[in-house]
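J.: Let me begin by handing over the structure; questions about it come next.
2 protein chains.
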Amino acid sequence: MPKGPEHSLLVVGSIAFDSIETPNGSVEDALGGSATFFSYAASFFISPRLVGVVGEDFPDDYRRVFVQRGVDTTGLVTQPGKTFRWKGRYHQDMNTRDTLEVHLNVFGTFDPQLPAQFRDSTHVFLANGSPTLQALVLDQVQKPQLVLADTMDLWINTQREDLLKLLPRLDGLLLNDSEAKLLTGDDNMVRAGQLVRSMGPKFVILKKGEHGAMLISQDGIYVLPAYPTENVVDPTGAGDSFAGGILGYLAADESPPPGRLRQAMAYGTVIASLTVEGFGLDRLRGTEREEIETRLENYRSMLSF
Amino acid sequence: MPKGPEHSLLVVGSIAFDSIETPNGSVEDALGGSATFFSYAASFFISPRLVGVVGEDFPDDYRRVFVQRGVDTTGLVTQPGKTFRWKGRYHQDMNTRDTLEVHLNVFGTFDPQLPAQFRDSTHVFLANGSPTLQALVLDQVQKPQLVLADTMDLWINTQREDLLKLLPRLDGLLLNDSEAKLLTGDDNMVRAGQLVRSMGPKFVILKKGEHGAMLISQDGIYVLPAYPTENVVDPTGAGDSFAGGILGYLAADESPPPGRLRQAMAYGTVIASLTVEGFGLDRLRGTEREEIETRLENYRSMLSF
């Protein structure tokens with residue numbers, strides 16, 4: 037596993053059992069959750085440090101998935117009760133879904149405590165969660181070099197003030213296009229992204245699902261289409277594995293900016309395109325760094341003219 | 037005006053007065069129509085041959101717009117009656133619009149006859165129109181080298197058989213993503229594009245509006261994001277100027293395939309991004325080839341990682 041000599045990557049987020057129905061099939065109690073997809077994707081570049089909580093029903097098989105990828109599970113806490121469960125159904129177009137069931141279980145009272153040896157983490161991903169909790173995590177990191185956070189409409193609607201307080205503490209914010217509209221009131225993605233950036237984060241990554249992503253940074257605006265795939269089996273985890281590819285690459289890579297963030301986003305795009313080609317982690321578990329590199333080169337040639 | 041020595045570009049389509057309302061302003065009776073936007077965009081590369089019909093109310097000022105750009109207006113017929121009028125209103129997000137009024141006027145009985153000197157055209161754009169009419173135009177071209185056609189949901193719904201008969205006669209078909217779904221019944225854009233291609237055209241260009249475009253050809257799948265602009269004033273004509281950039285470039289360019297189609301799509305993307313920055317032709321009329329080249333280089337660097 038390649039690893040930047042002085043860098044370390046921390047992720048704090050959910051670990052879940054996902055039950056997913058799509059027009060093409062379904063799966064029950066698959067290993068999922070934001071921290072799961074993120075850390076698996078990042079593990080192609082670096083050994084990430086995972087902080088999360090599971091219940092007593094969490095099987096050893098699932099725990100081994102992390103260990104086999106070199107994920108440091110020191111911060112994976114088991115608590116009395118059950119693991120977070122999510123059940124969703126994708127519509128025919130695969131771009132929209134209904135949440136059928138959410139059982140937060142032990143994740144509902146998650147109070148993330150960083151193991152002492154995780155406090156020196158240089159790169160941090162605050163997976164989707166309440167901005168209050170995200171801030172509490174950040175308070176425990178001694179001297180982060182790069183902090184990326186995800187958020188969602190729920191927090192924009194219900195904890196807007198806390199979110200606005202968190203934003204200046206971030207290097208980057210990830211959010212999808214409709215969330216950027218919600219946060220800024222602007223329908224134009226370029227302007228909305230710039231407005232989000234003016235709220236504090238150094239850069240903003242707007243996720244557009246099957247349409248790719250947009251980066252708004254001090255170097256300007258960059259757009260990346262999604263890697264086109266005809267084989268969309270299950271979009272669950274695409275956003276978090278995109279983030280894992282980005283931050284995994286950034287934490288492991290030693291080359292200087294600028295351009296690193298775009299290279300990182302290209303890796304994230306490619307890994308997300310693999311994620312959606314199987315249920316849960318299935319497709320990522322069947323891939324190696326070499327396939328990622330091949331697809332990256334294909335993607336690069338696809339974008340050249 | 038650069039021009040391929042042995043190439044000529046024919047466009048047959050509508051010329052209209054557009055009245056447009058957007059959240060940011062409005063315009064009355066602006067020069068519009070598919071053939072207008074196409075030929076103006078193509079005129080940055082080659083002097084296109086225009087075939088269309090206008091009424092007696094069509095002002096000399098508008099006619100001069102074509103002449104000044106080197107458009108051959110031999111095929112621009114004036115008929116008794118009024119010019120085609122369209123009135124539309126864009127929604128807040130600028131991606132959807134309502135048609136408020138359509139008065140086909142002289143365009144309603146348009147029977148396109150190619151002037152004798154246009155019959156040797158090498159490159160042909162069949163702008164959006166009934167597939168029956170598009171086939172009648174194509175019948176009049178002696179030996180076309182590259183035929184690109186646009187279509188829309190109306191024809192897919194009402195003249196599907198005629199459209200299916202036309203498709204094998206085309207080199208390329210332009211259609212938007214929802215139309216590709218309608219034509220094929222497939223929600224996945226890669227598969228839908230491949231299915232459309234299996235119906236006859238050598239390549240298919242799927243337009244996704246603010247999300248760019250996808251090319252499906254024998255060389256594989258290529259995706260291009262839209263050039264990001266924060267200044268979307270009026271999206272009218274984006275698709276036709278995209279097509280004009282593509283075919284204008286292809287008709288004028290002498291370099292060998294492959295890769296030419298992608299280069300052409302990049303030019304089309306850049307010209308469409310300029311089009312939407314003003315009402316009607318306003319923005320394109322204020323630009324020169326040099327600005328297009330500058331934006332193209334910016335776009336290229338934006339896509340490199």
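Respectively, the protein sequence lines represent chains F and U.
Residue 54 in the numbering used here sits at position 18 of the first sequence, with consecutive numbering throughout.
Residue 115 in the numbering used here sits at position 79 of the second sequence, with consecutive numbering throughout.
A virtual CB, placed ideally from N, CA and C, is assigned to each residue, including glycine.
Please read these numbers as outputs of a predicted model, since none were measured by experiment.
By Cβ distance, which residues of its chain are closer than 7 Å to aspartate 223 of chain U, with the 5 residues on each side in sequence left out?
T.: These residues qualify, in order along the chain: Lys217.
J.: Which stretch, first to last residue, makes up the alpha helix (DSSP H) that contains asparagine 355 of chain U?
T.: Only positions 37 to 341 of chain U appear in this structure, which leaves residue 355 of chain U out of reach.
J.: Starting from the C-beta of threonine 109 of chain F, find all residues in its chain whose C-beta is less than 8 Å away, skip the five residues before and the five after it, and write them out in chain order.
T.: If we look at threonine 109 of chain F and ignore the five residues flanking it on each side, its Cβ neighbours are Leu86, Arg99, Phe102 and Val103.
J.: Residues of chain F with a CB under 9 Å from the CB of alanine 302 of chain U: which are they?
T.: Result: Phe341.
J.: Determine the direct distance from the alpha carbon of serine 70 of chain F to that of asparagine 164 of chain F, and round the result to whole angstroms.
T.: 7 Å
J.: Mind listing the chain F neighbours of threonine 265 of chain U? Cutoff is C-beta to C-beta under 7 Å, in chain order.
T.: Val226
J.: Is glutamate 329 of chain U buried or exposed, if buried means 16 or more other CB atoms sit within 10 Å of its CB?
T.: The Cβ neighbour count for glutamate 329 of chain U, taken over all protein chains shown within 10 Å, is under 16; the residue is labelled exposed.
J.: Using 8 Å for Cβ pairs, my map puts proline 167 of chain U next to threonine 145 of chain U. What's the rounded Cβ distance?
T.: That pair is no contact at about 18 Å.
J.: For the 8 Å Cβ check, are there 3 or more pairs between the region 297-317 of chain F and the region 43-51 of chain U?
T.: no
J.: Taking phenylalanine 161 of chain U as the reference, which of U:Gly284, U:Tyr335 and U:Ile192 has the closest Cα?
T.: U:Gly284
J.: Residues of chain U with a CB under 7 Å from the CB of isoleucine 257 of chain F: which are they?
T.: Pro264
J.: Of the choices F:Gly256, F:Phe341, F:Gly273 and F:Pro237, whose alpha-carbon is the least far from that of leucine 182 of chain F?
T.: With distances taken between Cα atoms, leucine 182 of chain F lies closest to F:Pro237.
J.: Taking any Cβ of chain F, which residues in the region 124-138 of chain U have a Cβ under 7 Å from it, in chain order?
T.: Gln128, Asp129 and Met130
J.: Go ahead and label glutamate 246 of chain U buried or exposed: buried means 16 or more other beta carbons lie within 10 angstroms of its beta carbon, across all protein chains shown.
T.: buried
J.: Give the secondary structure of glycine 314 of chain F by DSSP, where H, G and I count as helix, E and B as strand, and everything else as coil.
T.: The three-state secondary structure of glycine 314 of chain F, taken from DSSP, is coil.
J.: What span of residues does the beta strand (DSSP E) with threonine 114 of chain U cover, start to end?
T.: 108-115
J.: So aspartate 97 of chain U contacts chain F; which residues on that side make the cut at Cβ distance below 8 Å?
T.: Within 8 Å Cβ-Cβ: nothing; aspartate 97 of chain U doesn't reach chain F, min ~32 Å.
J.: Reducing DSSP to helix, strand and coil, say where alanine 262 of chain U ends up.
T.: coil
J.: In three-state DSSP terms, what is arginine 133 of chain U?
T.: For arginine 133 of chain U, the three-state secondary structure derived from DSSP is strand.
J.: Measure from the alpha carbon of isoleucine 241 of chain F to the alpha carbon of each residue in F:Gly304, F:Met130 and F:Gly221, then state which is nearest.
T.: F:Gly304
J.: In this structure, what does DSSP give as the bridge partners for phenylalanine 53 of chain F?
T.: F:Leu67 and F:Arg121
J.: Comparing alpha-carbon positions, which option in U:Gly275, U:Arg319, U:Asp93 and U:Leu174 lies nearest phenylalanine 3 of chain U?
T.: Residue 3 of chain U is absent from the model: chain U starts at 37 and stops at 341.
J.: Is DSSP giving leucine 286 of chain U helix, strand or coil here?
T.: helix
J.: Quick one: list the residues of chain F neighbouring glycine 281 of chain U, beta-carbon separation under 9 Å, in chain order.
T.: By Cβ distance, chain F contributes nothing, its closest Cβ being about 13 Å from glycine 281 of chain U, past 9 Å.
J.: State yes or no: is the C-beta of valine 142 of chain F within less than 8 Å of the C-beta of glycine 124 of chain F?
T.: no
J.: Give me the chain F residues within the contact set of methionine 250 of chain U, using Cβ-Cβ distance strictly less than 7 Å, ordered along the chain.
T.: Pro264
J.: For a contact defined as C-beta to C-beta under 7 Å, what are the partners of lysine 243 of chain U on chain F?
T.: The contacting residues do not exist; lysine 243 of chain U stays about 12 Å from chain F at best.
J.: Report all residues from its chain with a CB closer than 8 Å to the CB of aspartate 289 of chain F; omit the five preceding and five following residues, and keep chain order.
T.: Gly40, Phe81, Arg296, Gln299 and Ala300
J.: Apart from the five residues just before and just after arginine 134 of chain F, which ones in its own chain have a Cβ nearer than 8 Å to its Cβ?
T.: With the sequence shown as reference, residue 134 of chain F is identified as aspartate, and arginine is not the correct amino acid for it. Closer than 8 Å at Cβ, skipping near neighbours: Gly124, Arg125 and His127.
J.: Pull up the distance between the alpha-carbon of lysine 243 of chain F and that of valine 113 of chain U, whole angstroms please.
T.: 48 Å
J.: Go through its chain and collect everything with a Cβ distance to valine 63 of chain F's Cβ below 8 Å, but skip five positions before and after it.
T.: Asp54, Ser55, Ile56, Asp270, Phe315 and Gly316
J.: Is there at least one Cβ from chain U nearer than 8 Å to glycine 295 of chain F's Cβ?
T.: yes
J.: Taking the alpha carbon of glycine 281 of chain F as the reference point, which residue from F:Thr72, F:Phe73 and F:Ala78 has its own alpha carbon closest?
T.: F:Ala78
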